[in-house]
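Chains F and X supply the protein sequences, listed in that same order. Under the numbering used here, the first residue of the first sequence carries the number 1, and numbering increases by one thereafter. Under the numbering used here, the first residue of the second sequence carries the number 141, and numbering increases by one thereafter. The beta-carbon is built from N, C-alpha and C at its ideal position, and this holds for glycine as well. Computed from a predicted structure; not experimentally measured.
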Amino acid sequence: METRASLVDTLAQTWLFADLSRPELEAVAHEFDEEAFAAGQRVLRQGLSGSSLYVILDGSAVVRHNGEELARLGRGDFFGEISILTEGPPTTDIVAEGLLHCLVIPRPEVERFLLERPRVMLRMLRAEANRLRGMLEWQS
Amino acid sequence: MVVVGSGPGGLQAAYELQRLGVDYAVLSADDAPGGMFRTLPIFERLISWTKPEAPYARGSREYELYDHNSLVADEERCQACVPSLMDRTWDVPSRAEMEAGLARFAGLADLRVRYGCRWEATRSDGAGFVLETSDGEYRCRAVVFAVGVTTPWTAPIPGLDQATHYVDVRRANEYDGRSVFIVGKRNSAFEIANSLLPWARRIVLASPRAIRTDVLGHSPLRTRYLQPLDEHVRGGFGTSIVDASIERVERTADGFRVHAVGTSWDGPLVFDCDEVIAATGFRAPLRDLPRLGVDTVSDGRIPAQNAFLESVSVPGIYFAGNATLGSPGLRKQGLSSNSGSVNGFRYNARVLVRHLAEKHFAVDPPRPLVEPDRLVSHLLRELATAPELWIQKGYLCRIVNRGEDGLRDDGILPLQVFVDEPGPDACAIAVEMAADGTIYPSVYLRLQNRVAEHPLPPHPLHDYETAEHRRALSELVEPLLGSA
């Protein structure tokens, strides 16, 4: 725990931010906070307004809907974007599995954050497309 | 119970422990309370207000909204210690006035502090913790570290270690005619820039992140020292605020050369100057706690905590004071708590000690009965005037539980705890801020462990005791009254 990589180095290794230059990564690290969650702690709360966009820097989390576990998320995954893009409260809980570290982009900042970084937006779109395809394949 | 530190966080925690009858020891490396205020902030003035005159009497609970620097207490003699010591040249105290206020509080509350006792190392002994100090070993079931966030931290930029850190900045007149490059754009950077305006020939503030005046209400940057920004916005006149990532700092024959790259604009920036000041912040002096497993955020600067200010990774290690920034709460709409300043963390200490007393010392805090026909008035009055709810917006809440013998006021707790922990049917109230900055009252209802959120309408004068609020809240709490 003493030798955790610097926040900028961790961001540099995160898939969502892979196209950003070092100065751009530093701006992200300066502008947004890192938060840590204990095992079992809720990060996103089903039905509660005002939640943010989270990018997992370290650790893993589970997605729960009405208490039922739907999926696991790991390093580099992000969550909270659907609630923000659809302008409603989250439809699932996200719960830390063990010690979890995330970068937090507050809801009011997300639109500007993405518009100023089209390459990040494109990567997010790709991830959403993959999720959608996964769901369609699972249903068929 | 051991508390380390005799700044405002440690003293408030000690006061609450004493009040609840929990045996405690406060260890302080300094020889008097509030040691930080002997040197910081560098240019003397704090940034949070204490208004000697206000619509409410000094010492009343409502007055706490006007006095962001005094610690809080039940006894009149310990309340509002800071305003009577201020010379009123401004409505924020100087650090000498703050230090005197803390000493007065510690004296009047008769807090037992072992001064000159330095915490040196920490180990776990199964039942709790052993603190090695300059005065021998202290054993405790749980420990509260209130050690501030005051150790200078220099960002890992090549060459920046040759710069002067904020804490070593000299008197303003010693920058007469100098060209100064300040790395950083938070409070400490602006404090220096503002103080050097009458002296320096050229001032540049630079950091990667852009200042957005439209979100200042949500950010930790205070508007007290924004004159340098005003000068920059109006065209420079020797003061510039730049969004740039600093690549390296080089020494030259007669000063420094700073190499930077724009972040909100494209291109490099090379700037020659006489002085470079690193206003890149502070970290909590955690000593060997990371080796004990205490997890941190922000490049090791702040210990990560849960809603009850306990380390997320080492149970039994708690924090008070400025470091409680590491317990961010729900941060709805991105709103930050005020846990980084006295006005906010004085209430966090109260919440923490109540939790510790219940969990480790089987102390039952009072939970007064609320008459059903008084519930709505009680909650609306709290929403309109409770300093805890107004200062720790969206972070602290007041809870009323439905118990077997009726409605009980459960006091002030973190909103996160109410939303996440199971409990009896209850309601919680909080003051919150919408994405556009509108402040509004909010109600949370917990019925059979399902929590629902109900925003109430805002009011231009924040008067939440209107007929409309009464009607809306009465409808919401109906399920609690039904069988109470």
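What F37 (chain F) touches in chain X, judged by beta-carbon distance under 9 Å, is A444, N446 and V452, going in chain order. Assignment of S168 (chain X) by DSSP, reduced to helix, strand and coil, places it in the strand class. Against chain F, the beta carbon of G474 (chain X) has neighbours under 7 Å at S52, P106, R107, P108 and E109, listed in chain order. By the rule that beta-carbons nearer than 7 Å mark a contact, S83 (chain F) does not touch chain X. The secondary-structure analysis by DSSP pairs L587 (chain X) across a beta bridge with X:R590. Of all alpha-carbon atoms in X:T304, X:W530, X:Y604 and X:E605, the one lying nearest the alpha-carbon of M573 (chain X) is that of X:W530.
At a cut-off of 7 Å between C-beta atoms, E34 (chain F) counts as an interface residue with respect to chain X. Under the three-state reduction of DSSP output, F79 (chain F) falls in the strand class. Among the residues of chain X, those whose CB is under 7 Å from the CB of P23 (chain F) are P348, S385, V401 and T403, following chain order. Chain X places no beta carbon closer than 7 Å to that of S140 (chain F), leaving this residue out of the contacts. Within chain X, no C-beta atom comes less than 9 Å from the C-beta of L11 (chain F); the nearest is roughly 12 Å away. An exposed status is given to V410 (chain X), since fewer than 16 other beta-carbon atoms sit within 10 Å of its beta-carbon. Taking C-beta separations shorter than 6 Å and ignoring five residues to either side along the sequence, the partners of E593 (chain X) in its chain run Y584, following chain order. Annotated three-state conformation of P181 (chain X) is coil, per DSSP.
In terms of Cβ geometry, V493 (chain X) and A153 (chain X) form a close pair [threshold 7 Å]. One finds nothing in chain F with a Cβ atom closer than 9 Å to the Cβ of A172 (chain X); even the nearest lies about 33 Å away.
Between the alpha carbons of V270 (chain X) and L7 (chain F) lies a gap of roughly 32 Å. Within the region 198-231 of chain X, no residue has a Cβ lying closer than 8 Å to any Cβ of chain F. With respect to A61 (chain F), A96 (chain F) sits close: the two C-beta atoms are nearer than 7 Å. One finds L7, D33 and E34 in chain F with Cβ atoms closer than 8 Å to the Cβ of S438 (chain X), taken in chain order.
Excluding its 5 nearest sequence neighbours in each direction, G402 (chain X) has C-beta neighbours in its own chain below 7 Å: D383, A384 and L409, listed in chain order.
Taking a Cβ-Cβ cut-off of 7 Å, D265 (chain X) has no neighbours in chain F, whose nearest Cβ is about 20 Å from it. The DSSP-derived three-state label of M573 (chain X) is strand.
Measuring C-alpha to C-alpha distances from A261 (chain X) to each of X:F285, X:L248, X:A267 and X:A240 identifies X:F285 as the nearest. In this structure, the CA atom of E216 (chain X) is about 10 Å from the CA atom of A249 (chain X). Close to H30 (chain F), with beta-carbon spacing below 8 Å, are these residues of chain X in chain order: S347, P348 and R349.
Rounded to whole angstroms, G276 (chain X) and L167 (chain X) show a C-alpha spacing of 11 Å. One alpha carbon belongs to P506 (chain X), the other to E128 (chain F), and they sit about 51 Å apart. Scanning the region 442-501 of chain X for uninterrupted beta strand (DSSP E) segments of 3 residues or longer gives 457-459, listed from N- to C-terminal end.
The count of Cβ pairs closer than 8 Å, one atom from the region 166-180 of chain X and one from the region 231-241 of chain X, reaches three, so the stretches are in contact. Secondary-structure assignment with DSSP links V283 (chain X) through a beta bridge to X:V142 and X:I457. At a Cβ-Cβ threshold of 7 Å, P106 (chain F) and L48 (chain F) do not count as neighbours. Within chain X, the residues placing a beta-carbon under 9 Å from that of L99 (chain F) are D435, A444, V452 and S453, ordered along the chain. Apart from sequence neighbours up to five positions away, the residues of its chain that approach L337 (chain X) with a beta-carbon distance below 8 Å are I343, Q367, P368, E371 and T379, ordered along the chain.
L613 (chain X) counts as buried, since no fewer than 16 other beta carbons sit within 10 angstroms of its beta carbon. At least one CB of chain X lies nearer than 7 Å to the CB of E26 (chain F).
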